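Undergrad: Protein chains in written order, with the working numbering: chain W, 16 to 140; chain X, 16 to 140; chain C, 16 to 140; chain Y, 16 to 140. Sharing a structure below in structure tokens format, with a few things to ask.
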């Protein structure tokens, strides 16, 4: 198979890869939404662990540090793999869900009110 | 723009969408890896909340319930959006990271030893 | 010092223990609420990892398994230690907050409506 | 009942309060370790949400802000309530587990090596 990269890999291709991996091991039985949401959250926790005591600025340097970069990429991969497995188990279309969410966020966060501000939409005033 | 779906949307296209949204609002300043990893984990927590008290089997029904499905899709979208923003902020290639992780997992979980078993690779014996 | 146990240890004593540990190492500087909330969530993720693929019933057996029990106790300790450090850093009274929350929950979940049901209060009908 | 405060409330008293609340509603059946670890992690996520885009220093101000303080105390209470329910369900002694963990941490992080440094013990050198 050709190596996958973001510029060419579709979500469907990635979903197929993780599904094939699970099927080969007869693991779909374990892939209930409850279990996958837990695994996803646990991996998100591992991703965070790289940045616990850094300031946000320092965390940019951490992520650029060659000694840590591969491990961080691996945790990110774990998160997205579980997200894709969740989508497989629930037959959700990730790209369509993202597009719908961006459209909803665009209404909640109009550019003129939210530019340069990190406040929640409920506090945009 | 054409609606996005998993069968055609590449990771790069989705990354571009979320990046455009952030840039328009001058939000890249907030998108340190530390902050994005927190946001991702918080959204993963919200996804879990739909399944807290269900058994794994019941959680399949929850995810198929039309009254809950849209909300669940929205939480999944939030998770993947933050994962893509994390990848944007750190210049990581998600598809390549997934492929590398699947290859590593294939070694840790050989089919003949892990078939139908949910035990961790350290306990595969 | 006398060994601590739940029957005699007050929250204040436990807060003092974790504070002394942090002060001795000059770690209070790192104990911003943001950082501690991340550490807490990351440790909660590690606690979950013991139960990812188990059913709820199986998870009771996992927690009773002597081979896993110490590790599970350790993750629970990590969670509570960070919660206490969060309370130290923010000068919150944990017991008072718990009491207030239980009172609020008692209103949201009246016994006659919620008995034996795991549904959210917004769906109690 | 006398109001609870950290200076007098023992862990055992708090465990009893949350147990009484659960028993009155016949909720122990839902309190499998798996479910409680998920609920705990989900609440830890809600606690984090107050600090997503703040710097660590700004997060100290957020936690001191009277407009946010009650909500933050409530999320902290939720976290500790689930930790106590987890301890009830698994018959773990929280104080003893904390004491054991502090002792283990004291060995991993000797004062002279870790003073003023946030690095992980594996990198203390």
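A virtual CB, placed ideally from N, CA and C, is assigned to each residue, including glycine. Computed from a prediction, not measured in an experiment: that's the story for all the values here.
1. Which of the three DSSP states, helix, strand or coil, is assigned to residue 70(Y)?
2. Is there a C-beta anywhere in chain C that falls below 8 Å from the one on residue 34(Y)?
3. Just list the alpha helix (DSSP H) runs in the region 22 to 78 of chain Y, keeping only unbroken ones of 4 residues or longer that don't cross its boundaries, in chain order.
4. So, does the CB of residue 56(W) fall closer than 8 Å to a CB anywhere in chain Y?
5. Measuring alpha carbon to alpha carbon, tell me which of 106(W), 60(W), 49(W) and 130(W) ends up nearest residue 30(W).
6. So, under 8 Å CB-CB, residue 114(Y) and residue 19(C) are touching, yes? Tell me the CB distance rounded to an integer number of Å.
7. Do three or more CB pairs link the region 75 to 83 of chain C to the region 120 to 135 of chain C at distances below 8 Å?
8. Which stretch, first to last residue, makes up the alpha helix (DSSP H) that contains residue 137(Y)?
9. Hey, could you find the ends of the alpha helix (DSSP H) residue 93(Y) is sitting in?
10. Between the alpha carbons of residue 86(X) and residue 56(Y), how many angstroms are there, rounded?
11. Hey, would you say residue 116(Y) sits closer than 8 Å to residue 61(C), going by beta carbons?
12. By the 8 Å beta-carbon criterion, what residues does the region 66 to 82 of chain Y contribute toward chain X?
13. Taking CB distances under 8 Å as the criterion, tell me whether residue 137(C) reaches chain Y.
14. Using CA coordinates, which residue listed in 103(X), 92(X) and 67(X) is at the minimum distance from residue 45(Y)?
15. Mark residue 59(X) as exposed unless 16 or more other C-beta atoms lie within 10 angstroms of its C-beta, in which case mark it buried.
16. Using DSSP with H/G/I as helix, E/B as strand and the rest coil, what is residue 128(W)?
17. How many angstroms separate the CA atom of residue 27(W) from the CA atom of residue 53(C)?
18. Tell whether a beta-carbon distance below 8 Å holds between residue 51(X) and residue 104(X).
19. For the alpha helix (DSSP H) containing residue 123(Y), name the first residue and the last one.
20. Return the residues of the region 113 to 134 of chain X that lie within a Cβ-Cβ distance of less than 8 Å from chain C, sorted by chain order.
21. Rounded to the nearest angstrom, what separates residue 35(W) and residue 102(C) at their Cα positions?
22. Note down, in chain order, every chain W residue with its Cβ under 9 Å from the Cβ of residue 39(C).
23. Pick from 98(Y), 120(Y) and 93(Y): whose alpha carbon is nearest that of residue 32(C)?
24. Please determine, among 70(C), 84(C) and 49(C), the residue with the shortest C-alpha to C-alpha distance to residue 70(W).
25. Quick one: does residue 45(Y) have its CB under 8 Å from some CB of chain X?
26. Residue 21(X) to residue 81(C), Cα distance in whole Å?
27. Just to make sure I have the definition right: I need the residues of chain W whose C-beta is within less than 7 Å of the C-beta of residue 30(X). Which are they?
TA: Looking at the coordinates:
1. coil
2. no
3. 26 to 39 and 48 to 63
4. yes
5. 106(W)
6. 5 Å
7. no
8. Neither: residue 137(Y) is in no alpha helix (DSSP H) and is coded neither H nor E.
9. 81 to 105
10. 19 Å
11. no
12. 66, 67 and 68
13. no
14. 67(X)
15. buried
16. helix
17. 32 Å
18. yes
19. 109 to 123
20. 133
21. 46 Å
22. Under the 9 Å cutoff, chain W gives no residues; its nearest Cβ is about 17 Å from residue 39(C).
23. 120(Y)
24. 49(C)
25. yes
26. 45 Å
27. 21
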